[in-house]
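Remarks on the structure that follows.
Number of protein chains: 2
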Amino acid sequence: MAEPMPDAAIRPRKEFGKTIAADITHRLREEIIACGLAPGEPLRFDVLRERFGASFTTLREALTALAAEGLVDAQEQRGFRVAPVSRQDLVEVTDARVLIEVELIRRAIERGDDDWEIAVISTLHRLKRIEQRDPEHPLRDPEWKIAHRQFHQSLVSACGSATLLAIRADLFDRAERYRHLSANFRPRPRDKAGEHQAIMQAAISRNADLAVQLIETHIRSTADNVATYAAHLLDTE
Amino acid sequence: MAEPMPDAAIRPRKEFGKTIAADITHRLREEIIACGLAPGEPLRFDVLRERFGASFTTLREALTALAAEGLVDAQEQRGFRVAPVSRQDLVEVTDARVLIEVELIRRAIERGDDDWEIAVISTLHRLKRIEQRDPEHPLRDPEWKIAHRQFHQSLVSACGSATLLAIRADLFDRAERYRHLSANFRPRPRDKAGEHQAIMQAAISRNADLAVQLIETHIRSTADNVATYAAHLLDTE
DNA sequence: CAAAGCCATGTTTTCGAAAATCATACCGTT
DNA sequence: AACGGTATGATTTTCGAAAACATGGCTTTG
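Top line first, the protein sequences correspond to chains E and B. Count the first sequence with the numbering used here and you get residues 2 to 238, in order. Count the second sequence with the numbering used here and you get residues 2 to 238, in order.
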């Protein structure tokens, strides 16, 4: 007889990662990036315990990991809180992203093979499909977010440095939180589809200088948008 | 009457940081960097528990933090181990350091004020004093290590980006571990004192191009040294 | 009345036992 | 002998109680 479906009572609690701690780290990260937990908000164990159904120490491990990524602020003996946002931090994250992403794009264009080209083309294709389906509020759509993340990830994936890719990933997450922050106040998304298309073409045709210029513009204009439309959230804290 | 010295029985267990977890993170980090714990060595809780006198969960939190810094390798459900070393990783860390440190030196030279100049000059002075006192095995001397770290830190401290400084600090630690790895097999330290002096002068005289070139050479030649004299440790794993 | 000290309360932090998981050796079968 | 599956011991992971700590209000004192 076939193994029955897992009973609700023994449904696995770990949907991502093998350990509960890794799972909670992942869920907390997504929630902070999406601003479901507001910047600066205290992260009290009682509340988290109820929300995530894990114990003190497991939560503590997750919060410690997120603190290292810059999404959580650990105040020794006084608990944790969601990392605050500020204009200064936005500028720093943007600057760091440009510095690193530009270098990684160059390396990827230099080193990328057929598989890399295929990855770039196919992740962009998926992204465009999702945008066609529902062109309204991309950041509200989890699928769009994943596809967008994967497209940018694929662009640099052939750079050859896992070390720099890890740093880039952390910075990308921190920047994405700022995008969410301003999403509710932004009048209309600009033509991101066109920008992504142009970046893809520059990369595939191995035009490094153009790709670098497009990426830098892409990153900086997004950050400018955030600074404009989330201004009231950046100056008060 | 003056407060008596803390009794041995109630001697504080936290010498660094306010929490035990932060203290253990710090001690473990130093021990891994100094190769007191060998690369790839499993980090079993029984052993750590005895060595650091903390409980499972506290150790777990410390290991999680160090995993985010790249000094510990977390294998889900199969424990932790000291991050392995490899030629590839050495190259990546060196490359990343050059990319970031070069940029930060430029920014610091651009933005540094009088306090910055004073910090650079005085940290170099302390470093030279320590080298005069005991010119034998600098990496064996904890004071030299701290002074060396602080000199390089001071050079970039005025860059204006806490975000990039944090990334730089992690990479510096990872590189320092490789230096320790080869220290036992290196015949003689080359003229680091002269290099540090030249870097300081280029920085203070605001000669960014020269400072950048010197720093890059400094970082790369150190890494080359490691690759040469720790070759037998890098190829086997 | 101001300032300092002290207790009460809520929160974080730490601990070791207990549950879950993995690695290994053993056994039976082919 | 080789293979697959299972029991066993070792190790990690998780939990909630208990200790440590910070904060704010209250009392006492100068």
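Virtual Cβ for every residue (Gly too), placed ideally from N, Cα, C.
PHE152/B vs HIS197/B beta-carbon contact at 8 Å:
yes
Does the pairing of the region 90-99 of chain E with the region 27-38 of chain B give three or more beta-carbon distances under 8 Å?
no
For ALA68/E, collect the residues of the same chain with a Cβ closer than 6 Å to its Cβ; drop the 5 residues on either side in sequence, then sort them by chain order.
ALA75
Contact between the region 218-232 of chain E and the region 15-34 of chain B is defined here as three or more beta-carbon pairs at a separation below 8 Å; is this criterion met?
no
Would you list the residues sitting across from VAL83/E in a DSSP beta bridge?
VAL73/E
List, in chain order, every chain E residue whose beta-carbon is nearer than 7 Å to that of ARG61/B.
GLU62
Between the region 75-105 of chain B and chain E, which residues of the former have CB atoms less than 8 Å from a CB of the latter, in chain order?
GLU77, GLN78, ASP90, GLU93, VAL94, ASP96, ALA97, LEU100, ILE101, GLU104
Given that a residue counts as buried once 16 or more other Cβ atoms are within 10 Å of its Cβ, and exposed if not, what is ARG112/E?
exposed
Which term fits ILE11/B, buried or exposed, when burial requires 16 or more other beta carbons within 10 angstroms of its beta carbon?
Residue placement at ILE11/B is poorly supported in this model, since its pLDDT is 41, which falls under 50; the coordinates still yield a value, given next. Flag for ILE11/B reads exposed.
In this structure, how does DSSP classify PRO40/E when only helix, strand and coil are distinguished?
coil
Would you kindly work out how many angstroms separate the C-alpha atoms of GLN202/E and THR164/E, rounded to a whole number?
26 Å
Taking the alpha-carbon positions, what's the ASP116/E to GLU31/E distance?
29 Å
To the nearest angstrom, how far is it from the Cα of LYS19/E to the Cα of ASP142/B?
42 Å
How about ARG82/E and GLU42/E: are their beta carbons less than 8 Å apart?
yes
Which word fits VAL213/E, buried or exposed, when buried means at least 16 other C-beta atoms lie within 10 angstroms of its C-beta?
buried
Endpoints, the alpha helix (DSSP H) within which LYS193/B is located
193-205
Using the C-alpha atoms, what's the distance from LEU172/E back to ILE119/E?
25 Å
Span separating the alpha-carbon of ALA231/B from that of ARG178/B
12 Å
ASP174/E classed as buried or exposed, judged by whether at least 16 other C-beta atoms fall within 10 angstroms
buried
Check ASN226/E in the structure and name its three-state DSSP category.
helix
Leaving out five residues before and five after LEU29/B in sequence, what residues of the same chain have Cβ atoms less than 7 Å from its Cβ?
ALA63, LEU67
Determine whether the Cβ of ALA23/B lies closer than 8 Å to any Cβ atom of chain E.
yes
Is GLY80/B buried or exposed, if buried means 16 or more other CB atoms sit within 10 Å of its CB?
exposed
Determine the contact status of SER155/B and THR124/B, defining contact as a CB-CB distance below 8 Å.
yes
Using a 10 Å radius around the Cβ and a threshold of 16 neighbouring Cβ atoms, would you call ARG1/B buried or exposed?
As shown, chain B starts at 2 and ends at 238. That puts residue 1/B outside it, with no answer to give.
Cut-off 6 Å between Cβ atoms - residues of its own chain near ARG134/E, not counting five sequence neighbours on either side
none
For HIS27/B, does the three-state DSSP call read helix, strand or coil?
helix
Expressed to the nearest angstrom, what Euclidean distance is found between the alpha-carbon atoms of GLU77/B and PHE17/B?
28 Å
Beta-carbon neighbours of SER158/B, restricted to chain E and to distances below 8 Å:
Here the premise fails: no neighbours, minimum Cβ distance about 15 Å.
Figure out for me which residue from ALA176/E, LYS129/E, VAL103/E, ILE168/E has the closest Cα to the Cα of ASN208/E.
VAL103/E
Determine whether the Cβ of LEU165/B lies closer than 8 Å to any Cβ atom of chain E.
yes
Option nearest ASN185/B by Cα separation, candidates HIS233/B, THR65/B, ARG88/B
HIS233/B
Using a C-beta to C-beta distance shorter than 8 Å, which residues of chain E count as neighbours of ILE168/B?
ALA97, ILE168
Inter-residue CB distance, LEU72/B and ALA84/B (contact presumed, cutoff 8 Å):
5 Å
ALA9/B (DSSP reduced to helix, strand or coil)
Because the pLDDT of ALA9/B is 36, which lies under 50, any placement of that residue in the model is unreliable, and the question is left without a value.
Same chain, Cβ closer than 6 Å to ASP90/E, neighbours up to 5 away in sequence not counted
none
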